[in-house]
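Participant: Quick one: the structure is below, and I'll ask about it shortly.
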Amino acid sequence: MSTPRPETLADAPLGRESAYPERYDAALLFPIERAANRAPLGIEATSLPFVGGDEWWAFELSWLDPRGKPVVAVARFRLPADSPCLIESKSWKLYLNSFNQTTFSGRDQVIETLVRDLSAAAGGEVTVELFGVDDAALAPAPLPGEGIDELEVEIDRYTPAPELLACDEGAIVEETLHSHLLKSNCPVTGQPDWGSVLIQYRGPRIERASLLRYLISYRQHQDFHEHCVEHIFVDLMARCRPERLLVMARYVRRGGLDINPWRATPGWTPALPPRLLRQ
Numbered sequence: 086m087s088t089p090r091p092e093t094l095a096d097a098p099l100g101r102e103s104a105y106p107e108r109y110d111a112a113l114l115f116p117i118e119r120a121a122n123r124a125p126l127g128i129e130a131t132s133l134p135f136v137g138g139d140e141w142w143a144f145e146l147s148w149l150d151p152r153g154k155p156v157v158a159v160a161r162f163r164l165p166a167d168s169p170c171l172i173e174s175k176s177w178k179l180y181l182n183s184f185n186q187t188t189f190s191g192r193d194q195v196i197e198t199l200v201r202d203l204s205a206a207a208g209g210e211v212t213v214e215l216f217g218v219d220d221a222a223l224a225p226a227p228l229p230g231e232g233i234d235e236l237e238v239e240i241d242r243y244t245p246a247p248e249l250l251a252c253d254e255g256a257i258v259e260e261t262l263h264s265h266l267l268k269s270n271c272p273v274t275g276q277p278d279w280g281s282v283l284i285q286y287r288g289p290r291i292e293r294a295s296l297l298r299y300l301i302s303y304r305q306h307q308d309f310h311e312h313c314v315e316h317i318f319v320d321l322m323a324r325c326r327p328e329r330l331l332v333m334a335r336y337v338r339r340g341g342l343d344i345n346p347w348r349a350t351p352g353w354t355p356a357l358p359p360r361l362l363r364q
């Protein structure tokens, strides 16, 4: 089983007992440099092989209005993939909980505060949107493309195995595939992270059974959601050499937060699919 990289996590709140904050505190946010986890994949910060972002949804966001009355909202955050840092998820949860007993003048002040603090932690501009809990934007929808989960395959690899991938060099196709069988594990606690993954590409046809076996090989892998997606992207580019490629995972919520990273070949700005039913 793969192991976490302790230099990125030694001081993180994840996996530690934490007191929940009573008041707003931006210092709770814990940035983690992306470079340490990208280096083993041969990814250099000065020449990223992809564009992309990390889309976070928060379902446990509340604050007090000037009368002391609670306000609740759902938030969507978008971090650029070229930001030097990601933000550790438990620290993000604790930070959002620090809003619970804090008074804000209105939604604009909440958004301004979130943008300022999260952008400072990530080292790149973070965008923030707030939704009402009954907003139509929260309605789920299925992933586009063809599902591959019903393929009859034998599985015996549960750590990333790019050698499983196979492509037909004689057939150039453009297609969208998805699987709901993605699972990886938290690099600190070992808790399971359940997700769905979308693959859009143009290039040599990816042999679908090989793709499914490869995606399932992450089942015992320990890493952050963002780095799993980058790992998949790099492996597909190296093994199948598509002209263009999008890899996106939509992970199931934990602690009121879900994380949805996507990476694509430069020059491609794909339309992001909506939320899934199990999110």
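For the sequence shown, our numbering gives the first residue as 86, with consecutive numbering after it.
Cβ coordinates follow ideal geometry from the N, Cα and C atoms, glycine included.
Using three-state DSSP, classify L361 as helix, strand or coil.
Facilitator: Here residue 361 refers to the residue found at position 276 of the sequence shown. Three-state result, L361: coil.
Participant: Return the Cβ separation of P227 and Q364 in integer angstroms, given the expectation that the two are a contact with Cβ distance under 8 angstroms.
Facilitator: Taking the first residue of the sequence shown as position 1, residue 227 is located at position 142. Taking the first residue of the sequence shown as position 1, residue 364 is located at position 279. Rounded, the Cβ-Cβ distance is 12 angstroms, inconsistent with contact.
Participant: In or out: V195 buried (at least 16 other Cβ within 10 Å) or exposed?
Facilitator: Taking the first residue of the sequence shown as position 1, residue 195 is located at position 110. V195 is buried by the Cβ-count criterion.
Participant: For C271, which of helix, strand or coil comes out of DSSP?
Facilitator: Mapped onto the sequence shown, residue 271 falls at position 186. Coil at C271, not helix or strand.
Participant: Just how far apart, CA to CA, sit S264 and G232?
Facilitator: Locating residue 264 in the sequence shown gives position 179, where the first residue counts as 1. Locating residue 232 in the sequence shown gives position 147, where the first residue counts as 1. C-alpha separation (whole angstroms): 6 angstroms.
Participant: Measuring straight from C-alpha to C-alpha, what distance separates F216 and E173?
Facilitator: For the purposes of this step, residue 216 is identified with residue 131 of the sequence shown, where counting begins at 1. For the purposes of this step, residue 173 is identified with residue 88 of the sequence shown, where counting begins at 1. Going from the Cα of F216 to the Cα of E173 covers about 23 angstroms.
Participant: Kindly list the residues whose CB is nearer than 6 angstroms to the CB of N185, restricted to its own chain and excluding five residues on each side of it in sequence; keep chain order.
Facilitator: Taking the first residue of the sequence shown as 1, we reach residue 185 at position 100. Hits under 6 angstroms: S147.
Participant: At which residues does the beta strand (DSSP E) containing F216 begin and terminate?
Facilitator: Numbered from 1 along the sequence shown, position 131 holds the residue referred to as residue 216. 212-216 is the span of the beta strand (DSSP E), which, as asked, contains F216.
Participant: Considering only DSSP beta bridges, list what C252 is partnered with.
Facilitator: Taking the sequence shown and counting its residues from 1, one reaches residue 252 at position 167. Per DSSP, I291.
Participant: Measuring straight from C-alpha to C-alpha, what distance separates T88 and R298?
Facilitator: Here residue 88 is taken as the residue at index 3 of the sequence shown, counted from 1. Here residue 298 is taken as the residue at index 213 of the sequence shown, counted from 1. The predicted model places T88 with a pLDDT of 43, which falls under 50 and marks its position as unreliable; any figure quoted below should be read in that light. If I take the Cα positions, the gap works out to 21 angstroms.
Participant: Closer than 8 angstroms: is that where the CB of D202 sits relative to any heavy atom of the ligand ZN?
Facilitator: The ligand ZN is not among the ligands present in this structure, which contains no ligands whatsoever.
Participant: Considering only C-alpha positions, which residue in the set V218, H316, R304, R108 is nearest to I128?
Facilitator: Taking the sequence shown and counting its residues from 1, one reaches residue 128 at position 43. Of the listed residues, the one whose Cα sits closest to I128 is H316.
Participant: Hey, how far is the Cα of A104 from the Cα of A111?
Facilitator: Residue mapping note: residue 104 aligns to position 19 of the sequence shown, counting from 1. Residue mapping note: residue 111 aligns to position 26 of the sequence shown, counting from 1. Distance between the alpha carbons of A104 and A111 is about 15 angstroms.
Participant: How close, in whole Å, do the beta carbons of P289 and E260 come, if the pair is a contact with beta carbons under 8 angstroms?
Facilitator: Numbered from its first residue, the sequence shown carries residue 289 at position 204. Numbered from its first residue, the sequence shown carries residue 260 at position 175. Not a contact, Cβ separation roughly 11 angstroms.
Participant: Whose CA, out of I284, G275, L300, lies closest to the CA of L266?
Facilitator: In the sequence shown, counting from the first residue as 1, residue 266 sits at position 181. Per the Cα distances, L300.
Participant: Take R335 and list the residues in its own chain whose beta-carbon comes closer than 7 angstroms to its own, dropping the five residues that flank it on each side.
Facilitator: Here residue 335 refers to the residue found at position 250 when the sequence shown is read from its first residue. Excluding sequence neighbours, R335 sits near G280, S281, N345, L361, Q364.
Participant: By DSSP, does G209 sit in helix, in strand, or in coil?
Facilitator: Residue mapping note: residue 209 aligns to position 124 of the sequence shown, counting from 1. Here G209 sits in coil by DSSP.
Participant: DSSP three-state call for F318: helix, strand or coil?
Facilitator: Counted from its first residue, the sequence shown places residue 318 at position 233. F318 falls in the helix class under three-state DSSP.
Participant: At 3 residues or longer, what runs of the beta strand (DSSP E) sit wholly inside the region 151-231?
Facilitator: You should have 155-165, 170-172, 212-216.
Participant: Ignore the nearest five residues each way along the sequence and tell me which others in P245's own chain have a CB closer than 7 angstroms to its CB.
Facilitator: Here residue 245 refers to the residue found at position 160 of the sequence shown. Hits under 7 angstroms: S302, Y303, H306, H316.
Participant: Distance, Cα to Cα, I284 vs L262?
Facilitator: Along the sequence shown, read from residue 1 onward, the residue named residue 284 stands at position 199. Along the sequence shown, read from residue 1 onward, the residue named residue 262 stands at position 177. Approximately 5 angstroms between the Cα atoms of the pair.
Participant: Using only CA atoms, which one of F115, H310, S295, P355 lies nearest to D202?
Facilitator: Along the sequence shown, one-based indexing puts residue 202 at 117. The candidate whose alpha carbon is nearest that of D202 is F115.
Participant: Could you have a look at I301 and say whether DSSP puts it in helix, strand or coil?
Facilitator: Translated into the one-based positions of the sequence shown, residue 301 becomes position 216. Correct three-state label for I301: helix.
Participant: Given that a residue counts as buried once 16 or more other Cβ atoms are within 10 Å of its Cβ, and exposed if not, what is E210?
Facilitator: Your numbering for residue 210 matches position 125 in the sequence shown. Exposed, since its Cβ has fewer than 16 Cβ neighbours within 10 Å.
Participant: Where does T131 land, buried or exposed, given buried means 16+ other C-beta within 10 angstroms?
Facilitator: Counting from 1 along the sequence shown, the entry for residue 131 is found at position 46. Exposed.
Participant: Can you tell me whether V332 is buried or exposed? The criterion is at least 16 other CB atoms within 10 Å of its CB, across all chains shown.
Facilitator: Here residue 332 refers to the residue found at position 247 of the sequence shown. With 16 or more Cβ atoms within 10 Å of its Cβ, V332 is classed as buried.
Participant: Could you give the distance in angstroms between the alpha-carbon of R152 and the alpha-carbon of L199?
Facilitator: Here residue 152 refers to the residue found at position 67 of the sequence shown. Here residue 199 refers to the residue found at position 114 of the sequence shown. Whole-angstrom Cα-Cα distance: 21 angstroms.
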